[in-house]
Amino acid sequence: MTSTYAVLSEGLEKRFGEVHALRGLDLAVPQGTVCGLLGPNGAGKTTALRLLTTLLRPDAGSARIAGHDLLRDPAAVRRRIGVTGQYASVDGELTGRQNLQLFARLHRVRGPAERAGELLDRFGLTEAADRPASTYSGGMRRRLDLAASLVRRPDVLFLDEPTTGLDPASRNRIWDAVRELTADGTTVLLTTQYLEEADQLADDIALMGQGRVAHTGSPAQFKAVIGARVEVVVTDPDFLVKTAAVLDQLTGAEPSFDHERRAVGAVTRDGTLTLPRLVRELDAAGVPLLDASIEPPTLDDVFLRLTQEEERAA
Amino acid sequence: MSTLAHDGNAMLGRQLRRIRNNPGLLVLTQTMPITMLLFFGYVFGSALAMPGAEYRSFLVPGLLVATAANGLMTGMFQAAQDTHRGVMDRFRTLPMSRAAVPLGQAGADLVVTAVGTVPFLLVGLAVGWRIEGSALEAVGALGLLLLFRFATAWAGIFLGLLTRNEEAAGQLGGATFILPLLSNAYIPTEGLPGWLRTLAEWNPISAVTMALRDLFGNAPVPDGAAWPVAHPVAGSLAWCAVLLAVFVPLAVRRYARGER
Ligand SMILES: Nc1ncnc2c1ncn2[C@@H]1O[C@H](COP(=O)(O)OP(=O)(O)OP(=O)(O)O)[C@@H](O)[C@H]1O
Ligand SMILES: [Mg+2]
């Protein structure tokens with residue numbers, strides 16, 4: 001069993017003095033998949049990553065990374081992982097190229113200069129390659145940081161908020177790099193504040209709260225927790241009540257009226273209602289339709305709701 | 001190549017490349033002892049009982065060793081900076097020898113010190129300092145100086161890993177300038193009151209300074225000195241051995257442990 005999971009942790013605990021940062025972290029990330037670790041500030045995401053990458057020692061619990069025991073054989077774990085921390089950790093006094101060459105050398109990559117050149121090219125850093133990294137913009141440094149974790153293809157890649165503060169182009173570049181890696185069989189465990197990022201990249205999401213995993217599931221499963229928001233606008237206010245009746249039938253939810261905009265809204269319980277069906281039903285009922293929309297739930301809605309529930313439970 | 005040699009060499013390369021990227025800092029740190037030689041040598045020299053030229057040859061070995069003791073400051077600052085900026089953590093996640101990072105740093109520091117000593121000695125020669133002993137003894141003196149620098153660098157690296165904080169390390173490092181003040185580096189210890197003299201002579205800087213003065217033939221061993229100064233070469237070697245025996249394992253352990 002263990003060999004099919006690239007990351008498998010059981011009951012990891014970590015205390016910092018008074019702060020109980022992790023209270024039993026259980027994670028199972030199948031090989032070759034992307035797991036998105038989500039959670040509010042202070043949930044313990046960074047602590048979890050630091051434990052799993054041998055930087056911190058857990059107070060209790062155990063974990064296997066790429067088949068190696070985290071506590072018994074950290075050196076073997078280090079040979080199989082790549083890590084990009086929450087804060088850039090390249091050497092600002094070296095150029096981008098020198099940084100990558102150094103890490104290539106430390107990873108015993110044959111031809112460190114060529115490898116550095118390839119990565120600079122891939123992350124759009126060729127032009128800035130020979131400037132000190134301290135002169136890079138935040139996004140450039142972040143990209144260099146990621147490139148530094150990829151000098152040798154890791155079996156398991158850990159990314160702590162890899163795209164925080166990046167512009168869309170930089171973010172896409174990093175997303176593409178992650179997709180390419182997983183296509184080659186690398187497992188990725190990433191933390192993020194952006195639900196869109198988890199939606200784009202993650203096969204599975206683990207939502208953390210209070211130092212443990214509170215919910216797990218695929219992005220689709222997460223979205224199914226909250227239904228979609230349906231809204232219908234009519235041309236004639238006299239039809240509002242009739243519209244509401246149709247929506248009630250379709251969604252089973254209490255409709256809400258917006259008389260000024262001549263609109264009726266409702267929230268579906270599940271994600272099965274489609275726009276064509278909605279339009280067909282309304283048309284059959286003779287409703288003079290001006291506009292109809294089904295907004296898919298955003299992970300943000302889910303995230304907010306689940307974290308609120310978490311906090312209420314605590 | 002063994003892991004330690006390979007990784008240590010890569011880390012040495014890193015440090016030297018950093019210096020090459022930013023040579024201004026190096027020039028600044030190397031002009032400091034030269035400035036002090038000229039200031040102390042001519043300003044203090046004129047106020048002391050010792051003739052000026054004689055004081056300047058007394059001062060050259062003292063400043064060499066006082067500068068070597070700055071390995072403490074350099075080591076501390078760099079290690080704290082790397083920790084603070086997350087570079088250490090990145091190294092810690094790499095499959096590299098646990099001793100490579102401190103060894104590379106101490107090694108690079110040694111290379112820089114060796115190179116920086118040359119202009120200082122040239123200025124020393126210009127202001128009247130001479131090698132008055134044999135060439136072999138002079139080589140021994142320089143070897144001892146570098147060994148001492150290597151030892152203080154390790155102590156600094158350990159302290160830097162311990163404080164982790166760049167600013168705190170900077171402050172603490174600045175405070176290390178007082179260490180040579182309580183030694184025979186700038187003044188003869190014979191004139192100090194008894195207990196202060198003992199304290200100054202048990203300062204490792206005093207033993208190494210005396211060893212250099214002895215080996216360069218610049219000044220005789222004073223009467224009634226404490227053991228490390230009375231037997232300066234043995235005393236210096238003993239001090240270096242103690243410092244290395246204590247701080248090499250501490251620094252390596254501290255690096256490997258991280259902030260667990
Ligand atoms: N070295 C430390 N010393 C003391 N407390 C710490 C330390 N590291 C983390 N903590 C505490 O542990 C808890 C979890 O922190 P962690 O950094 O893992 O959260 P996070 O989920 O990564 O948050 P963010 O989204 O803000 O990055 C927080 O309460 C934090 O203050
Ligand atoms: Mg974090």
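For the record, the sequence lines run as chains A and B.
To convert, note that position 276 of the first sequence is 276 in UniProt numbering; the numbers rise steadily by one, no gaps.
To convert, note that position 251 of the second sequence is 251 in UniProt numbering; the numbers rise steadily by one, no gaps.
The beta-carbon is built from N, C-alpha and C at its ideal position, and this holds for glycine as well.
Contact annotation: in the stretch 243-257 of chain B, residues whose CB is within less than 9 Å of a CB in chain A are Arg-257.
If you compare the alpha carbons of A:Gly-61, A:Arg-97, A:Gly-209 with that of A:Arg-143, the shortest gap goes to A:Arg-97. Not flagged as an interface residue toward chain B: A:Ala-116, since no C-beta distance is shorter than 9 Å.
Shortest Cα-Cα distance from A:Leu-250 to any of A:Thr-164, A:Glu-231, A:Ala-129 involves A:Glu-231.
Only Thr-53, Thr-54, Leu-55, Leu-56, Arg-57, Ala-75, Arg-78, Arg-79 from the stretch 45-79 of chain A bring a Cβ to less than 7 Å from some Cβ of chain B. Contact with chain A is absent for B:Val-112, since none of that chain's Cβ atoms lies less than 9 Å from the residue's Cβ. Residues of the same chain with a CB within less than 8 Å of the CB of B:Val-111, apart from the 5 flanking positions on each side, are Leu-12, Leu-16 in chain order. With 5 Å as the limit between CB and the heavy atoms of ligand 1, the residues that fall short of it are A:Phe-16, A:Val-19, A:Ala-21, A:Asn-41, A:Gly-42, A:Ala-43, A:Gly-44, A:Lys-45, A:Thr-46, A:Thr-47. Identification of residues in the stretch 64-95 of chain B having a C-beta nearer than 9 Å to some C-beta of chain A yields Asp-82, Arg-85, Gly-86, Val-87, Met-88, Asp-89, Arg-90, Phe-91, Arg-92, Thr-93, Leu-94, Pro-95, given in sequence order.
In the DSSP annotation of this structure, the continuous segment of the alpha helix (DSSP H) that includes B:Met-11 starts and ends at 3-21.
Counting every other CB atom within 10 Å of its CB across the protein chains shown gives B:Phe-177 a total below 16, marking it as exposed.
When Cβ-Cβ separations below 9 Å define contact, A:Ile-81 makes contact with chain B. The shortest C-alpha to C-alpha distance from B:Pro-232 to any of B:Gly-133, B:Pro-220, B:Val-242 is the one to B:Pro-220.
DSSP, read as helix, strand or coil, puts B:Val-139 in helix.
Assignment of beta strand (DSSP E) within the stretch 92-169 of chain A, counting only whole runs of 3 or more residues, yields 156-160 in chain order. Taken through DSSP and simplified to helix, strand or coil, A:Thr-84 comes out as strand.
Going by DSSP, A:Val-19 is part of the beta strand (DSSP E) stretching over 19-30. Taking C-beta separations shorter than 7 Å and ignoring five residues to either side along the sequence, the partners of A:Thr-4 in its chain run Pro-30, Gln-31, following chain order. Under the 9 Å criterion on CB atoms, B:Arg-17 is classed as interfacial with respect to chain A.
Along the stretch 95-106 of chain A, going in chain order, the ones with a CB nearer than 8 Å to a CB of chain B are Thr-95, Gln-98, Leu-102, Phe-103, Arg-105, Leu-106.
Of A:Arg-108, A:Val-246, A:Val-287, A:Arg-15, the smallest CA-CA separation from A:Arg-79 is found for A:Arg-108. Going by C-alpha positions, A:Val-83 is about 23 Å away from B:Glu-166.
Taking 8 Å as the cut-off, one finds no heavy atom of ligand 2 near enough to the beta carbon of B:Asp-89. For A:Ala-88, the closest Cβ of chain B is nearer than 9 Å. For B:Ala-106, there are no neighbours in chain A by C-beta distance under 9 Å, as the nearest C-beta there is about 17 Å away. For the 9 Å CB-CB criterion, B:Gly-86 and B:Arg-14 do not form a contact. For B:Arg-130, the nearest beta carbon of chain A is not closer than 9 Å to its own beta carbon. In the structure shown, A:Met-208 falls within a strand segment according to DSSP collapsed to helix, strand and coil. Nearest CB-CB separation between B:His-6 and chain A: below the 9 Å threshold.
Among the CB atoms of chain A, one or more fall inside 9 Å of the CB of B:Glu-259. Look at A:Thr-191: its beta carbon is less than 8 Å from one of the heavy atoms in ligand 2.
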